[in-house]
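Trainee: Could you have a look at this structure, given as structure tokens, before my questions?
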Amino acid sequence: MSEAKAATMDSVWHGGGSPYAIGSKKFGMWLFIISDALTFSALLVAYTYVRLATPEWPKPFHFSPSIIFSSVMTFCLLSSSLTMVMAVHSMNHGNRKATVGWILATIVGGLAFVGLHLTEWLNLINNEHVTTSGNEWGVPLFGGTFFALTGLHMTHVVIGVIYLAIIAFAVARGKFKYEDVEVSGLYWHFVDLVWMFIFPLVYLMSAKI
Amino acid sequence: MSDHSEAVEHVGGTTITFSYVWIALLVMTGIEVFLAYEQLPTLIMLTALLGLSIVKAALIIAYFMHLKFEKLSLFLTLFPMLVLCIILMLIIFMPDSVRSLNMRVVQ
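Spelled out as structure tokens, the structure:
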């Protein structure tokens, strides 16, 4: 049992040193995740608002390629979450080599997601002529909300990939502890979690039947 | 501050648990994609998709993000507030979006 956990047991009502029995890095990441979740919630609420307020919201996502692409992207992110869990699990058992391997697998999943997403963006821009300020259906807000939501999420994925690369590099050199890997894992799972809402609300609700 | 030595056995799920969670997430995603092509009324579809998404989010938070194995106080500090804020956003803004649509001049 860790020191922090022991400290809370006798002194939680006396302003215990660590009331949540987790490290400050992990708690900091949790607070960041909650605030970031609110950012994404606000964007999703704004998207839903303009969608409800627009009489003819376009549904441009054909099964092929858009829905197939976004489903494969979902698969990539979910699988990269699993490999990240395995990375944290390996680090917990002190196996740094396996940890680096699993983190690299996670990075590959993230990069596959970004690559597919950019292809999907280019398809929308080149074939459907959607931009952030206009499109052929006369609903400029479609492009605005779509690129804002998915763009912010893609930014998070790219930052996550860089973050994981730094962690993998350091772990390979014998630096950083279990908690550092676990905290990076929390961030990665959060990015995955956000996609679990963007995928149905943005893609599946606009699928062309 | 907790000082994890490298080989501390940590309370949490096993590899098999995580694999089951992953499979469950994939299956739910598959159901979502299937639902997208069923000609269901928008409201039912939205409810089903959001319901599945919330279950998926809960699985990710509980198992992948390890929250199930943390102290309850951490969950109580973080999540009720988040849910309250989201509900407030919905209550405040959503009725207005429908109102503006109803006020539209029909041509």
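Protein chains in written order, with our numbering: chain A, 9 to 217; chain B, 169 to 275. Ideal placement from N, C-alpha and C gives every residue a C-beta, glycine not left out.
According to the neighbour-count rule (16 or more other Cβ atoms, all chains shown, within 10 Å of its Cβ), is His137 of chain A buried or exposed?
Mentor: As a first step, residue 137 of chain A is located in the first sequence; it is residue number 129 there, counting from the start. Exposed, since its Cβ has fewer than 16 Cβ neighbours within 10 Å.
Trainee: Give the straight-line distance between the Cα atoms of Ser214 of chain A and Ile212 of chain B, rounded to the nearest whole angstrom.
Mentor: The residue given as residue 214 of chain A occupies position 206 in the first sequence. The residue given as residue 212 of chain B occupies position 44 in the second sequence. Approximately 15 Å between the Cα atoms of the pair.
Trainee: Using a beta-carbon distance below 8 Å, is Tyr188 of chain B in contact with chain A?
Mentor: Looking up residue 188 of chain B in the second sequence gives position 20. No, Tyr188 of chain B does not count as interfacial toward chain A.
Trainee: Using DSSP with H/G/I as helix, E/B as strand and the rest coil, what is Ala29 of chain A?
Mentor: If you number the first sequence from 1, residue 29 of chain A lands on position 21. Coil, per DSSP.
Trainee: Which partner residues of Phe69 of chain A appear in the DSSP bridge assignment?
Mentor: Residue 69 of chain A sits at position 61 when you count from the first residue of the first sequence. Note: Phe69 of chain A sits in a beta bridge opposite A:Ala215.
Trainee: Of all the options A:Trp203, A:Leu90 and A:His101, which has the alpha carbon lying nearest to the alpha carbon of Ile115 of chain A?
Mentor: Residue numbering aside, residue 115 of chain A sits at position 107 when the first sequence is read from its first letter. Ranking A:Trp203, A:Leu90 and A:His101 by Cα distance to Ile115 of chain A puts A:Leu90 first.
Trainee: Are the CB atoms of Leu86 of chain A and Leu203 of chain B within a distance shorter than 8 Å?
Mentor: Position 35 of the second sequence, counted from the start, is the residue given in the question as residue 203 of chain B. Position 78 of the first sequence, counted from the start, is the residue given in the question as residue 86 of chain A. For Leu203 of chain B and Leu86 of chain A, no; Cβs fall outside 8 Å.
Trainee: For the alpha helix (DSSP H) that Ala192 of chain B lies in, which residues bound it at each end?
Mentor: Reading the second sequence from its first residue, position 24 is the one you call residue 192 of chain B. Note, Ala192 of chain B: alpha helix (DSSP H), Thr183 to Ala204.
Trainee: Alpha carbon to alpha carbon, what distance is there between Phe243 of chain B and Val108 of chain A?
Mentor: Residue 108 of chain A sits at position 100 when you count from the first residue of the first sequence. Residue 243 of chain B sits at position 75 when you count from the first residue of the second sequence. Distance between the alpha carbons of Val108 of chain A and Phe243 of chain B is about 30 Å.
Trainee: In angstroms, rounded to a whole number, what distance separates the CA positions of Ser40 of chain A and Lys33 of chain A?
Mentor: In the first sequence, counting from the first residue as 1, residue 40 of chain A sits at position 32. In the first sequence, counting from the first residue as 1, residue 33 of chain A sits at position 25. The sequence given here has Phe at residue 40 of chain A, not Ser. Approximately 11 Å, taken between the alpha carbons.
Trainee: Could you tell me whether the Cβ atoms of Thr163 of chain A and Gly151 of chain A are closer together than 8 Å?
Mentor: Residue numbering aside, residue 163 of chain A sits at position 155 when the first sequence is read from its first letter. Residue numbering aside, residue 151 of chain A sits at position 143 when the first sequence is read from its first letter. Contact: no.
Trainee: Going by alpha carbons, who is nearest to Ser192 of chain A out of A:Val93, A:Asp44, A:Val58 and A:Leu130?
Mentor: Residue numbering aside, residue 192 of chain A sits at position 184 when the first sequence is read from its first letter. Taking only the C-alpha atoms, the option nearest Ser192 of chain A is A:Val93.
Trainee: Determine whether the Cβ of Ser93 of chain A lies closer than 8 Å to any Cβ atom of chain B.
Mentor: By one-based count along the first sequence, residue 93 of chain A stands at place 85. The identity of residue 93 of chain A in the sequence shown is Val, whereas the question assumes Ser. Yes, contact with chain B.
Trainee: Does the region 46-66 of chain A come close enough to the region 252-260 of chain B that 3 or more CB-CB pairs lie under 8 Å?
Mentor: Because the criterion of three Cβ pairs below 8 Å is met, the region 252-260 of chain B and the region 46-66 of chain A touch.
Trainee: Can you check which of these residues, A:Ala54, A:Val166 and A:Asn100, is closest to Val179 of chain A by C-alpha distance?
Mentor: For this step, residue 179 of chain A is matched to residue 171 along the first sequence. It is A:Asn100 whose Cα lies nearest to the Cα of Val179 of chain A.
Trainee: Sort A:Glu64, A:Lys216, A:Ala50 and A:Val189 by Cα distance to Trp110 of chain A and report the nearest one.
Mentor: Position 102 of the first sequence, counted from the first residue, corresponds to residue 110 of chain A. Among A:Glu64, A:Lys216, A:Ala50 and A:Val189, the Cα nearest to that of Trp110 of chain A belongs to A:Val189.
Trainee: Using a Cβ cut-off of 8 Å (strictly closer), state whether Asp200 of chain A contacts chain B.
Mentor: Along the first sequence, one-based indexing puts residue 200 of chain A at 192. Yes, Asp200 of chain A lies at the interface with chain B (some Cβ there is under 8 Å from its Cβ).
Trainee: Within 8 Å of any Cβ in chain A, is that where the Cβ of Met169 of chain B sits?
Mentor: For the purposes of this step, residue 169 of chain B is taken as residue 1 along the second sequence, with counting starting at 1. Low confidence applies to Met169 of chain B: its pLDDT is 40, below 50, so where it sits in the model is not reliable, and the reading given next is rough at best. Chain A contact via Cβ: present.
Trainee: Report the three-state DSSP secondary structure of Thr215 of chain B (helix, strand or coil).
Mentor: The residue labelled residue 215 of chain B in the question sits at position 47 within the second sequence. Here Thr215 of chain B sits in helix by DSSP.
Trainee: Could you list the residues in the region 219-237 of chain B with a C-beta less than 9 Å from some C-beta on chain C, going in chain order?
Mentor: Among the protein chains in the structure shown, which are A and B, there is no chain C.
Trainee: Between which residues of its own chain and Ile3 of chain A is the CB-CB distance below 6 Å, once the five residues before and five after are set aside?
Mentor: Limits of chain A in this structure are 9 at one end and 217 at the other, which puts residue 3 of chain A out of reach.
Trainee: Beta-carbon of Trp65 of chain A versus every beta-carbon of chain B: anything under 8 Å?
Mentor: Position 57 of the first sequence holds residue 65 of chain A. Cβ-Cβ to chain B under 8 Å: no for Trp65 of chain A.
Trainee: As a quick exercise: from A:Arg59, A:Cys84, A:Pro63 and A:Gly36, pick the residue whose alpha carbon is nearest that of Val199 of chain A.
Mentor: On the first sequence, position 191 is the one that residue 199 of chain A refers to. Nearest option by C-alpha distance: A:Cys84.
Trainee: Please confirm if Tyr55 of chain A has its CB atom under 8 Å from at least one CB of chain B.
Mentor: Here residue 55 of chain A is taken as the residue at index 47 of the first sequence, counted from 1. Not an interface residue.
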